[in-house]
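Enquirer: Counted the way full-length UniProt numbering counts, the sequence shown spans residues 1 to 454. Note that beta-carbon positions come from the ideal geometry of N, C-alpha and C, so glycine has one too.
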Amino acid sequence: MGNEESVFFSRVLTELTLSFHIIYATIGVGVPLMIMIAQWVGIKKNDEHYILLARRWARGFVITVAVGVVTGTAIGMQLSLLWPNFMELAGQVIALPLFMETFAFFFEAIFLGIYLYTWDRFDNQKKHLLLLVPVALGASFSAVFITIVNAFMNAPQGFDLVDGELVNIQPLVAMFNPAMPTKVAHVVITAYMTSAFILAAIAAFRLLKGSDHVYHKKALFLTMKLGLIFSIGAAIIGDFSGKYLAEYQPEKLAAAEWHFETEGEAPLMLYGVLDGQEVKYAITIPYALSILAHSDPTAEVIGLNEFPEDEIPPLYIHYLFDTMVTIGMLMIMVSGLYWLGKHMRWRFIHSRWYRWLIVAGGPLTVIAIEAGWWYAEVGRQPWILRDIMKVPEAATTSGHVDTMLYLFATLYLILGVGSVVVLRRMFRKNPVEREIADREAEVREGTRKGGDHR
1 MGNEESVFFS
11 RVLTELTLSF
21 HIIYATIGVG
31 VPLMIMIAQW
41 VGIKKNDEHY
51 ILLARRWARG
61 FVITVAVGVV
71 TGTAIGMQLS
81 LLWPNFMELA
91 GQVIALPLFM
101 ETFAFFFEAI
111 FLGIYLYTWD
121 RFDNQKKHLL
131 LLVPVALGAS
141 FSAVFITIVN
151 AFMNAPQGFD
161 LVDGELVNIQ
171 PLVAMFNPAM
181 PTKVAHVVIT
191 AYMTSAFILA
201 AIAAFRLLKG
211 SDHVYHKKAL
221 FLTMKLGLIF
231 SIGAAIIGDF
241 SGKYLAEYQP
251 EKLAAAEWHF
261 ETEGEAPLML
271 YGVLDGQEVK
281 YAITIPYALS
291 ILAHSDPTAE
301 VIGLNEFPED
311 EIPPLYIHYL
321 FDTMVTIGML
331 MIMVSGLYWL
341 GKHMRWRFIH
351 SRWYRWLIVA
361 GGPLTVIAIE
371 AGWWYAEVGR
381 QPWILRDIMK
391 VPEAATTSGH
401 VDTMLYLFAT
411 LYLILGVGSV
421 VVLRRMFRKN
431 PVEREIADRE
441 AEVREGTRKG
451 GDHR
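1) What are the residues that DSSP puts in a beta bridge with M389?
2) Assign D275 to one of three DSSP states: helix, strand, or coil.
3) Out of G272, E48, L208, V135, point me to the one whose CA is closest to D120's CA.
4) Taking H294 as the reference, give the member of Y115, E247, L13 with the closest Cα.
5) Please work out which residues of its chain come closer than 7 Å, Cβ to Cβ, to P314, disregarding the five sequence neighbours upstream and downstream, and give them in chain order.
6) Between M34 and W57, how many whole angstroms is the CB-CB distance? I'm expecting something under 8 Å.
7) Please state whether the Cβ-Cβ distance between W83 and S10 is less than 8 Å.
8) With the cut-off set at 8 Å, would you say L129 and W40 are in Cβ contact?
9) For I302, which residues in the same chain have their Cβ closer than 7 Å to its Cβ, ignoring the five residues on either side in sequence?
10) In chain order, which alpha helix (DSSP H) runs of at least 4 residues are fully inside the stretch 323–399?
11) Express the C-alpha separation of R355 and H213 in angstroms, rounding to a whole number.
12) Kindly indicate the opening and closing residues of the beta strand (DSSP E) around T284.
13) Quick one: residues in its chain with C-beta nearer than 6 Å to the C-beta of I384, no 5 flanking neighbours on either side, listed in chain order?
14) Should I349 be listed as close to the ligand MN, given that the test is whether its C-beta is under 7 Å from any heavy atom?
15) Taking one C-beta from the stretch 190–209 and one from the stretch 223–242 each time, how about it: are there three or more such pairs within less than 8 Å?
16) Go to E165, then tell me how far its beta strand (DSSP E) extends in each direction, as first and last residue.
17) Hey, would you say N154 sits closer than 8 Å to D160, going by beta carbons?
18) Identify the residues that DSSP records as bridge partners of L270: which are they?
19) I need the DSSP call for D160, collapsed to helix, strand or coil.
20) Report yes if the CB atom of L96 is closer than 8 Å to the CB atom of M175, and no otherwise.
21) To the nearest angstrom, report how far apart L289 and K243 are at their CA atoms.
22) I'd like to check one pair, L357 with V334: are the Cβ atoms closer than 8 Å?
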């Protein structure tokens, strides 16, 4: 296998691993917050349905955490095996956030174990709820620290480059780079958003399948409301991300918008087809790119003509950007209409077609997450460490990367199918109606024994 093949298979394997891991990582970051909010609402309203929501979500969450651990370990291993030159150059810089990410995960895992073990062992549910605080914080900060590594790859700083080596390293300066605020905020809030819409999709699906229990209706309303809040937040942070790109990575923004010539009053283009440097059939929004980049409809936006041809990202990232934005806007509308419809008592939000739209929102938001990450990674090309090291320079020269690809692809297939099968069996064998009936029976039995004791 030649070096070009090694680079190709290394990129494919890394993309496959990240694409698979991001599904479980996103759920792993967002669901703990959903569990905590559901239990808090249940305590505040003295409503057992919300308490049960937290309980059942926590059971499913454990399965996704287990898979996320395996895929996260694979990423760490592949960083060293597939990109040894990058790790040799930048390993000392990214070591701190990588260590902190591991620490945050163990912090989360310890308290998650205690939380699961102590169900029904607290007379005061508020004390049990407190155990979820470090779980949610650990999950979120795990995402924060690993995203800091990615942010550093986009905006490296905090060192001196001497004879091809990074020296005089300042880890905190490297961590708090210009890309960090928008990247971290966007990753975390979209994880909350995606988790909310996945849980909403599950609730809507159960209602469509004939389970008209109020438990599912409460789950749907809570998660759609949370999804609306976080999707609006994601759109706001996305605007800040556009301004960051205009300032620090203008070639990425220009490639995403097929903006070939530097000009003011720049329009934003959605979809379309590229014919050379001519864009056909696109939806054009006048002045919108100038507003996105600089909050000024007349501002000048740097075009691709300002950059060497070999440093321009692949132009297909335009479609990745459009996919991410379109799904985000769609979910704001779907959740916003649902929330407004509940208050206005509109009947159509309870119709089958609208519930199917909510069900579709679950996988659609996962697609948006995938498109966003592909856009983030491919949009940095040809650099692995921007302006310092290109991807081919970082890759291994091993002749066995293709074998690794096939082995890891098989592993991910087993993990993906296995996790779905386990989750389906877990909840199919213990439907919510049965669990509610069992808990009511336990309460009656406890009340009867208490009466006999008196």
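Expert: According to the data block:
1) Within the sequence shown, residue 389 is the residue found at index 389, counting from 1. Answer is L385, bridged to M389.
2) Translated into positions along the sequence shown, residue 275 becomes position 275. In the three-state reduction of the DSSP assignment, D275 falls in the strand class, which pools E and B.
3) As a working note, residue 120 is residue 120 in the sequence shown. For the options G272, E48, L208, V135, the alpha carbon positioned closest to that of D120 is the one of E48.
4) As a working mapping, residue 294 is identified with position 294 in the sequence shown. Ranked by how close their Cα comes to the Cα of H294, the residues Y115, E247, L13 have E247 in first place.
5) By 1-based counting over the sequence shown, the position of residue 314 is 314. The beta carbon of P314 lies closer than 7 Å to those of V378, Q381 in the same chain, with the five residues before and after it left out.
6) Residue numbering aside, residue 34 sits at position 34 when the sequence shown is read from its first letter. Residue numbering aside, residue 57 sits at position 57 when the sequence shown is read from its first letter. Contact between M34 and W57 is confirmed by a C-beta separation of about 6 Å, below the 8 Å threshold.
7) One-based indexing of the sequence shown puts residue 83 at position 83. One-based indexing of the sequence shown puts residue 10 at position 10. W83 is a Cβ neighbour of S10, given a cutoff of 8 Å.
8) Residue numbering aside, residue 129 sits at position 129 when the sequence shown is read from its first letter. Residue numbering aside, residue 40 sits at position 40 when the sequence shown is read from its first letter. Taking 8 Å as the Cβ cut-off, L129 and W40 qualify as a contacting pair.
9) Walking along the sequence shown from the start, residue 302 turns up at place 302. Within the same chain, P250, A254, T262 come within 7 Å of I302 by CB-CB distance, once the 5 residues on both sides are set aside.
10) 352–378, 391–394, all fully within the stretch 323–399.
11) Within the sequence shown, the letter at position 213 stands for residue 213. Within the sequence shown, the letter at position 355 stands for residue 355. In a straight line, the C-alpha of H213 is about 15 Å away from that of R355.
12) Residue numbering aside, residue 284 sits at position 284 when the sequence shown is read from its first letter. T284 -> beta strand (DSSP E) spans 283–285.
13) For the purposes of this step, residue 384 is taken as the residue at position 384 of the sequence shown. Closer than 6 Å at Cβ, skipping near neighbours: F86, V391, A394.
14) This structure does not include the ligand MN; it has no bound ligands of any sort.
15) As far as the Cβ criterion goes, the stretch 190–209 touches the stretch 223–242, which means the pair count is three or higher.
16) In the sequence shown, residue 165 corresponds to position 165, counting from 1. Looking at the DSSP string, the run of the beta strand (DSSP E) that includes E165 is 165–167.
17) The residue given as residue 154 occupies position 154 in the sequence shown. The residue given as residue 160 occupies position 160 in the sequence shown. No, the Cβ-Cβ distance between N154 and D160 is not below 8 Å.
18) Taking the sequence shown and counting its residues from 1, one reaches residue 270 at position 270. Answer by DSSP bridge pairing, in chain order: I283.
19) Taking the first residue of the sequence shown as position 1, residue 160 is located at position 160. Looking at D160 - three-state DSSP - the assignment turns out to be strand.
20) Along the sequence shown, read from residue 1 onward, the residue named residue 96 stands at position 96. Along the sequence shown, read from residue 1 onward, the residue named residue 175 stands at position 175. It is a contact, given that the beta carbons lie within the stated cut-off.
21) One-based indexing of the sequence shown puts residue 289 at position 289. One-based indexing of the sequence shown puts residue 243 at position 243. The straight-line gap from Cα to Cα measures roughly 10 Å.
22) On the sequence shown, position 334 is the one that residue 334 refers to. On the sequence shown, position 357 is the one that residue 357 refers to. A contact, by the Cβ cut-off of 8 Å.
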